[in-house]
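Data first, discussion second: the structure below is written as structure tokens.
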Amino acid sequence: MVSDEKYIAIFGHFYQPPRFNPWILEIDLDISSRPYHDWNDRITKESYLPNAYARLKDGEIIEDVVNNYKKVTFSFGPILLSYLKEKYSKLYNLIIEADKESSSKLSGHGNAIAQPYAHIIMPLSSKEDRERDIYWGIKFFEKTFDRYPEGFWLPEAAVDNLTLEILYDYGIKFVILSPHQAKSIKINDKFEEINEKTLDTKKVYRALLPSGNYIGVVFYNKWLSGLVAFGDLLKSGELFARKLIESFDNSEKPQLVSIATDGETYGHHKPKGEEELAKALSIIDSYGINITNYSYFYSTYGASNDITINENTSWSCPHGIERWRSNCGCASDIRPGWTQEWRTPLRKSIDWLRDMAEITIQNIGPKVSNDINKAILNYVDVFYDYKAENVSSFVENFAIKGEENKIVDLLKLMEIAKNSILMQSSDAWFFEDIYRPEPIQSLRFAKRVIQLIEELANTRVEEQFLNILKDAKSNNPRYGNGKEIYEKEAIPALMTAEKVGASYAMRLLFETISKENDYYSYKIILGPYKKLELGRAKAVTGIATLISKITWRSTPIMFASIYYGWYNLHAGAKILVDQKSYIEFESSVTEFFNNGSLPDIIDILQKTFYPNYYNLNNLLKNDQKFIMDHVLDSAIIELARQYEMLYNNYLPVMEYVRSLNLNYPKVFELLLQFELEKSILEILEQEIIDFNRLEQIIQWSKNSEVSIDDLVHSLIREKIEKVLDNLILNPQDINSINILQKLLEISKGLDIPLEYLWNAQNKFIYLRNNILRHLISSEDYLMKTLIPQYKIISSYLKIRFP
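The sequence shown begins at 11 in the numbering used here and counts up one residue at a time.
Next comes the structure, spelled out in structure tokens:
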């Protein structure tokens with residue numbers, strides 16, 4: 011067989027559960043992901059970013075960095091892509107660039123394939139929701155990659171013929187499945203039973219559908235995929251490459267050896283897995299074997315045989331799709347002895363609410379839209395990016411003309427449709443118990459759906475929903491059942507305009523805000539307000555209009571907040587009835603404040619705003635952190651003064667203890683650590699760094715065996731990266747080269763781990779590859795004189811030079 015017909019494809023399914031608050035579309039600070047902001051942030055730094063800058067190493071020395079996305083087939087969840095676009099725009103662009111480059115190299119067939127907007131188990135959802143979810147996924151893909159998708163990943167590879175028929179109707183060419191999902195194969199005009207042991211996964215197939223149509227199917231190598239995801243194959247890139255290459259047979263026909271795993275396997279589940287993947291891809295390239303993607307292979311060679319599929323099967327549940335609706339035993343190994351009986355009532359409650367949502371949509375839809383079903387499909391143009399112009403264009407196309415008062419209702423219906431699909435995300439049923447972040451997130455989406463149904467249809471649905479949900483019992487008695495979890499975790503997440511206004515009022519105590527502000531999913535237009543200060547105490551009263559960017563609902567509110575030291579904050583907000591009542595309220599607060607009657611202010615806030623009266627404990631973690639950072643700033647300044655005084659008082663005795671070669675008492679060590687860190691930070695924050703003084707202090711810290719805080723490490727890292735940015739613009743700037751070398755010497759002296767300099771390594775390799783090598787090859791005289799210093803710099807960063 012000629013090597014040109016040997017192909018290897020590695021597929022990564024990149025996905026994170028939706029973690030945003032359904033009312034404000036923001037991910038809150040999640041302390042379980044420390045030291046990161048949330049799990050999206052953590053996994054981005056552990057997997058998605060490293061795969062865009064995967065190290066190719068010779069021992070501990072970095073030879074190069076490569077973008078793995080350029081060599082693997084991948085699908086990214088649309089919600090994850092939205093997150094990356096907002097928070098990690100450079101990475102987002104590198105993913106798009108990888109698809110474009112692979113498309114250019116492989117005759118127009120890019121590495122990216124699509125997946126639905128929400129990660130729902132298709133066979134367990136309604137036909138309407140499947141069509142919407144698939145369509146939204148396709149549109150997200152088009153808007154992101156600027157082309158129509160050829161392939162499609164089904165969540166958990168859960169499949170049935172109806173889903174494949176919908177994909178066919180939308181022009182999708184192929185899907186990816188596990189070999190056990192093949193039911194029969196057509197040989198000599200006759201279908202014969204087949205199983206995962208007899209199916210040849212090196213070929214691609216066509217699935218015959220009940221309509222008589224066909225859709226392509228790529229079956230991945232299940233055994234190899236398992237070794238990567240659950241075994242030790244990623245411990246060695248050489249072994250990984252060898253296993254893939256050895257999977258070819260001696261057939262003269264084209265062959266595709268492919269594996270499929272969660273993309274997070276490379277870096278998150280398997281630390282440094284992205285490096286071993288990069289190494290394996292490099293080795294495969296060196297053997298002259300084609301690294302391809304599914305789209306290219308399917309388009310080039312077509313299907314070898316027709317097959318039928320095993321309906322209601324998936325890649326992650328040997329019991330079909332029972333993991334998402336029953337106590338099938340999957341996930342029981344996480345907590346032996348626990349049961350997953352809770353899955354069935356959770357599924358029943360969500361399905362019941364889904365049906366109620368559809369009834370509401372179809373009953374109210376014709377009153378607010380000229381084509382409600384088409385409107386739902388095209389609502390993706392809005393939530394792809396909630397820009398005012400996108401909402402305006404949508405309203406222009408789908409609202410009934412002359413019914414401007416119905417626009418808010420139309421947008422609420424759209425949110426019912428969207429959140430109804432999101433609450434079906436597969437994650438809610440995947441793990442061992444109902445009291446986990448994933449089921450709780452599903453219940454929050456459900457609460458949003460319930461709220462909107464009850465507002466629009468003027469009917470109560472929550473009680474019936476909870477009657478079903480209460481049978482979903484947690485394995486841990488302290489958490490009770492689904493109803494109790496809903497009341498404890500879902501209801502408090504509800505962010506009304508009043509609660510948003512109260513949170514905003516607390517922030518006003520600590521920052522100056524312009525008249526118009528974006529705050530979460532609201533535009534806030536600030537009216538007249540008064541800020542009062544007396545010693546440490548502060549108070550704010552005011553009027554504002556909150557305009558939802560999601561539903562366009564405009565809510566006028568009056569608000570107030572008070573702070574009287576440390577964590578003592580209170581605030582409230584309510585819908586503004588008339589100016590007179592606000593003026594009277596503001597006058598009373600001002601009088602009480604000026605008289606120092608803080609208890610009276612708290613009392614009037616409680617009476618005026620109940621039940622929309624809050625303290626710091628009621629805020630989102632994001633807002634709690636923002637406020638406490640401001641509160642603690644003054645405390646840190648005060649403590650710093652006291653530390654300085656104590657240090658100066660005890661310095662003579664500390665020096666004497668050291669002269670005797672005795673260890674400091676712990677309290678002295680803390681004082682010294684504080685003083686050294688303060689001194690280092692002060693030096694680093696100067697425009698011109700006094701390196702001699704800095705080296706003396708660091709030597710002092712080493713002699714005293716005092717550790718230096720991460721804050722110092724972070725500042726040094728920032729300085730190094732800033733100098734590298736300057737060198738990319740001017741690679742022969744001798745002053746910048748000297749500063750970089752000294753900063754790296756300081757970094758080594760402080761034993762700063764190389765992981766801290768990960769981004770600095772990326773920048774230096776960019777500088778080396780794109781600028782320095784060109785200057786060296788051009789025999790630039792000045793560059794020749796700088797090579798020794800650049801070699802020293804590269805040795806600190808553990809990078810090959812040149």
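The beta carbon of each residue, even a glycine, is placed where N, CA and C say it ideally should be.
- Shown here, A168 sits in coil according to DSSP, grouped into three states, outside any helix or strand.
- The segment 560-572 and the segment 535-552 touch, with three or more beta-carbon pairs separated by less than 8 Å.
- In this structure, V228 lies near I186, with their beta-carbon atoms less than 8 Å apart.
- Closest in alpha carbon position to L453, among K498, E262, I417, is K498.
- Note that the C-beta distance between S724 and I707 is not below 8 Å.
- Boundaries for K533: no alpha helix (DSSP H) harbours it, while the beta strand (DSSP E) harbouring it runs 532-544, taken from the DSSP string.
- For H640, the enclosing alpha helix (DSSP H) has its first and last residue at 631-669.
- P328 sits in coil when the DSSP states are folded into three classes, being neither helix nor strand.
- The beta carbon of I53 lies closer than 8 Å to those of Q26, E274, H278 in the same chain, with the five residues before and after it left out.
- Here DSSP, grouped into helix, strand and coil, assigns E472 to helix.
- The C-beta distance from I775 to I738 rounds to 11 Å, too long to meet the 8 Å contact threshold.
- By the Cβ test, the segment 198-208 is not in contact with the segment 237-254, since fewer than three Cβ pairs between them sit closer than 8 Å.
- Scanning its chain for C-beta atoms nearer than 8 Å, with the 5 sequence neighbours on each side dropped, one finds around E687 the residues I718, D719, L721, V722, in chain order.
- If one requires a minimum length of 4 residues, no alpha helix (DSSP H) run lies completely within the segment 359-386.
- With a cut-off of 8 Å on Cβ pairs, the segment 136-152 is not in contact with the segment 183-200, counting fewer than three such pairs.
- Under the three-state reduction of DSSP output, R216 falls in the strand class.
- The alpha-carbon of L363 is positioned some 7 Å away from that of F475.
- Contact between the segment 243-253 and the segment 278-288 is present: 3 or more CB-CB pairs across the two stretches fall below 8 Å.
- Within the segment 707-775, the runs of alpha helix (DSSP H) that reach at least 4 residues and sit entirely inside it are, in chain order, 720-739, 744-759.
- In the three-state reduction of the DSSP assignment, T565 falls in the strand class, which pools E and B.
- Per DSSP, reduced to three states, the secondary structure at I18 is strand.
- M424 is the residue among I786, M424, V599 whose C-alpha sits nearest the C-alpha of Y389.
- Going by DSSP, H580 is part of the beta strand (DSSP E) stretching over 579-585.
- In the DSSP assignment, Y145 falls outside any beta strand (DSSP E) and lies within the alpha helix (DSSP H) extending over 137-155.
- Per DSSP, reduced to three states, the secondary structure at E448 is helical.
- Among the bridge pairs identified by DSSP, G552 is matched with Y539, F569.
- Using a 10 angstroms sphere on the CB of Y445, the tally of other CB atoms reaches 16 or more, which defines it as buried.
- Judged by DSSP secondary structure, S194 falls within the beta strand (DSSP E) whose first and last residues are 192-197.
- If you look at T618, you'll find it in the alpha helix (DSSP H) that goes 608-619.
- G241 carries a coil assignment under DSSP once its states are collapsed to helix, strand and coil.
- Counting the other CB atoms within 10 Å of its CB gives P763 a total below 16, which places it among the exposed residues.
- Scanning the segment 46-122 from its first residue to its last, the whole alpha helix (DSSP H) runs of 4-plus residues come out as 49-53, 59-62, 88-97, 99-115.
- When secondary structure is reduced to three states using DSSP, D272 falls in the strand class.
- Beyond the five residues adjoining it in sequence on each side, T323 comes within less than 6 Å, by CB distance, of Q191, G330 in the same chain, given in chain order.
- A check of alpha carbon separations from D51 across K80, S92, A64 identifies S92 as the nearest.
- Residue pairing of A124 in beta bridges, as defined by DSSP: F162.
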